[in-house]
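**Q**
In the working numbering, the protein residues as written are 504 to 792.
1. Using 8 angstroms as the Cβ pair cut-off and three pairs as the minimum, do the segment 571–590 and the segment 537–546 touch?
2. Going by DSSP, which residues form a beta bridge with residue 542?
3. Can you look up residue 515 in the DSSP assignment and give me helix, strand or coil?
4. Whose C-alpha, out of 770, 763, 597 and 776, is nearest the C-alpha of residue 688?
5. According to the Cβ coordinates, are residue 643 and residue 690 closer than 9 angstroms?
6. Between residue 620 and residue 570, which are expected to be in contact by the criterion C-beta below 8 angstroms, what is the C-beta distance as a whole number of angstroms?
7. With a threshold of 16 other CB atoms inside 10 Å of the CB of residue 755, please say whether the residue is buried or exposed.
8. Do residue 708 and residue 692 have their beta-carbon atoms positioned less than 9 angstroms apart in this structure?
9. DSSP on residue 722, reduced to helix/strand/coil?
10. Which residue marks the beginning of the alpha helix (DSSP H) containing residue 577, and which one marks its end?
11. Applying the criterion that 16 or more other CB atoms from any shown protein chain within 10 Å of the CB defines a buried residue, is residue 686 buried or exposed?
12. Short of 8 angstroms in beta carbon distance, which residues of its chain neighbour residue 564, apart from the five on each side in sequence? Order them along the chain.
13. Considering Cα atoms alone, identify which of 652, 591 and 587 is closest to residue 679.
14. Tell me which same chain residues have a C-beta within less than 7 angstroms of the C-beta of residue 583, skipping the five on either side of it?
15. Among all the DSSP beta bridges, which residues are the ones paired with residue 681?
16. Note down the Cα distance separating residue 590 from residue 733, rounded to an integer number of angstroms.
17. Which residue from 761, 767 and 719 puts its Cα closest to that of residue 694?
18. Does the Cβ of residue 705 have 16 or more other Cβ atoms within 10 Å, making it buried, or fewer, making it exposed?
19. By the three-class DSSP mapping on this structure, what secondary structure does residue 656 have?
20. Could you give the DSSP three-state label for residue 504: helix, strand or coil?
21. Quick check: residue 558 and residue 773, are their CB atoms within less than 9 angstroms of each other?
22. By alpha-carbon positions, which one of 761, 515 and 681 ends up nearest to residue 714?
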């Protein structure tokens with residue numbers, strides 16, 4: 504019997520193969536008799552993943568740091584976007600800027616946070632990604648592509664001066680942005696659960712619930728608009744929803760979101776440093792007690 508320093512809790516035989524029954528984390532196949540450096544013969548999942556589990560501290564530190572950098576680009580891009588959007592709308596209101604130019608400027612600036620979001624949802628590894636065809640990460644990336652197509656379409660309409668309903672375009676954009684935000688928060692909650700911090704994942708659940716309700720409301724309003732529901736009905740619906748939810752509920756939700764995301768970014772950065780330190784110690788021959 505022997506032990507691999509990377510997997511101190513699993514016994515190996517003299518040939519360096521697993522000597523005890525160990526189920527594959529993806530399909531449940533018994534990995535006994537296989538090398539820890541191999542893959543599951545049933546589903547192709549890396550055996551290392553089954554031995555280390557989903558704990559983020561055992562993840563690739565390079566992947567974690569790329570996620571952190573993506574979050575940095577996202578946060579800086581969003582701050583710049585809101586600053587440019589407010590300035591552009593102020594110029595538009597004072598008739599110092601054409602509407603097409605304003606929309607084009609806002610659309611171009613929004614590309615930066617989308618790029619950060621794309622980097623923040625990089626795949627962990629081929630083995631982890633292929634365990635199931637649908638993942639929250641892929642849902643976020645589908646939403647990013649949808650928002651990118653929406654922005655490109657708006658820019659083409661603005662530059663071409665073609666006939667377009669900007670009210671409908673704005674409603675579709677709001678619905679897409681809320682879908683993107685909701686899916687991204689769900690993805691971050693899946694990462695938070697891998698820290699085994701119940702309080703953190705519960706905080707994400709509360710914020711996700713609030714944005715989910717807002718997202719459903721935006722989708723309903725978009726559908727009502729395109730089904731040509733009278734504008735007076737839409738206004739009464741908005742007033743009723745604001746009365747039921749409270750006048751400051753959306754503002755509180757907007758404030759709670761960065762208050763949750765920024766500390767989580769710091770948490771991921773610390774986990775990445777710890778994962779890198781653990782890997783260096785393992786490569787140097789250190790074995791945990």
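Using N, Cα and C, we set each Cβ at its ideal position, and we do this for glycine too.
**A** Looking at the atomic coordinates:
1. With a cut-off of 8 angstroms, the segment 537–546 and the segment 571–590 do not count as touching, because too few Cβ pairs lie within range.
2. DSSP lists 549 as the bridge partner or partners of residue 542.
3. Look at residue 515 here: in three-state DSSP terms it is strand.
4. Residue 688 has its Cα closest to that of 763, out of 770, 763, 597 and 776.
5. Cβ atoms of residue 643 and residue 690: closer than 9 angstroms.
6. Contact flag wrong, Cβ pair sits at about 11 angstroms.
7. Exposed, because fewer than 16 other Cβ atoms sit within 10 Å of the Cβ of residue 755.
8. Going by C-beta atoms, residue 692 is nearer than 9 angstroms to residue 708.
9. When DSSP states are grouped into helix, strand and coil, residue 722 belongs to the helix group.
10. Looking at the DSSP string, the run of the alpha helix (DSSP H) that includes residue 577 is 564–596.
11. Result: buried.
12. Same-chain partners within the cutoff: 775, 776, 778, 779 and 782.
13. Per the C-alpha coordinates, the member of 652, 591 and 587 positioned closest to residue 679 is 652.
14. Cβ neighbours of residue 583 beyond the five flanking positions: 612 and 615.
15. Looking at the DSSP assignment, residue 681 forms no beta bridge with any residue, so it has no partner.
16. In this structure, the straight-line span from the alpha carbon of residue 590 to that of residue 733 is close to 32 angstroms.
17. Residue 694 has its Cα closest to that of 767, out of 761, 767 and 719.
18. Residue 705 comes out exposed.
19. It is helical.
20. Caution is warranted here: a pLDDT of 48 is assigned to residue 504, below 50, making its placement in the model unreliable, and the coordinate value is therefore given only provisionally. DSSP places residue 504 in coil when its eight states are reduced to three.
21. Residue 773 is positioned such that its CB atom lies no closer than 9 angstroms to that of residue 558.
22. Relative to residue 714, the option among 761, 515 and 681 whose CA is nearest is 681.
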